[in-house]
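Asker: Let me give you the structure first, and then I'll get to my questions.
Residue numbers (my numbering): 57 to 225.
Structural data, given as structure tokens:
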């Protein structure tokens, strides 16, 4: 699910933030007939207060851009990260600083330029013409490129690895 209306949740008042999250969850349930388990904040903007709200609303995970991660804690303690060095092939656990029982799984989406995967340049003369539909037995080239891009992110023989991509609609 995502917020409805789409607004910068960290900049919103507590009441507006809660309303946008609850309306987004209700919209998701109405459309898909199931309760949302995860949340994608508009523009990937999140802060401690939003994560606490999402956990209190019963959500289990959140999807954020890799640039939103300032650091991760491992056996060596807290270490800073950069979007280029963050391992997006695995989920992370967020724990509330003020409410120890609140946790969320956090999935970080690697930086992916959707235009390089899903779109190809179209000559200006053809841009106005409607694109013919592919025959049912003809593979979709954009889907193949996306699948190849995701498969290229996987490491060999790592069955516990996660591959995902997220982009604004």
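Cβ coordinates follow ideal geometry from the N, Cα and C atoms, glycine included.
Rounded to whole angstroms, what's the CA-CA distance from residue 128 to residue 67? Just pull it up for me.
Answerer: Answer to the nearest angstrom: the Cα atoms are 24 Å apart.
Asker: Looking at the structure shown, is residue 127 part of a helix, part of a strand, or coil, going by DSSP?
Answerer: The answer is strand: DSSP assigns residue 127 an E or B state.
Asker: Quick check: residue 64 and residue 111, are their CB atoms within less than 8 Å of each other?
Answerer: Taking 8 Å as the Cβ cut-off, residue 64 and residue 111 do not qualify as a contacting pair.
Asker: If we count the other Cβ atoms within 10 Å of its Cβ and call it buried at 16 or more, is residue 58 buried or exposed?
Answerer: Residue 58 should be labelled buried.
Asker: From the DSSP output, in three-state form, read off residue 66 for me.
Answerer: In the structure shown, residue 66 sits in a helix (DSSP, three-state: H, G or I).
Asker: Just to confirm the assignment, what range does the alpha helix (DSSP H) spanning residue 197 have?
Answerer: Run containing residue 197: 197-208, per the alpha helix (DSSP H) assignment.
Asker: Cutting at 6 Å between CB atoms, please list the residues of its own chain near residue 92, excluding the five before and the five after it.
Answerer: Around residue 92: 57, 81, 84.
Asker: Output the distance between the C-alpha atoms of residue 157 and residue 116, rounded to the nearest integer angstrom.
Answerer: Each residue's Cα considered, the two are about 13 Å apart.
Asker: Under 8 Å between the Cβ atoms of residue 113 and residue 77?
Answerer: Going by C-beta atoms, residue 113 is nearer than 8 Å to residue 77.
Asker: Provide the residue span of the beta strand (DSSP E) that contains residue 111, from first to last.
Answerer: It is not in any beta strand (DSSP E) - residue 111 instead sits in the alpha helix (DSSP H) that spans 104-112.
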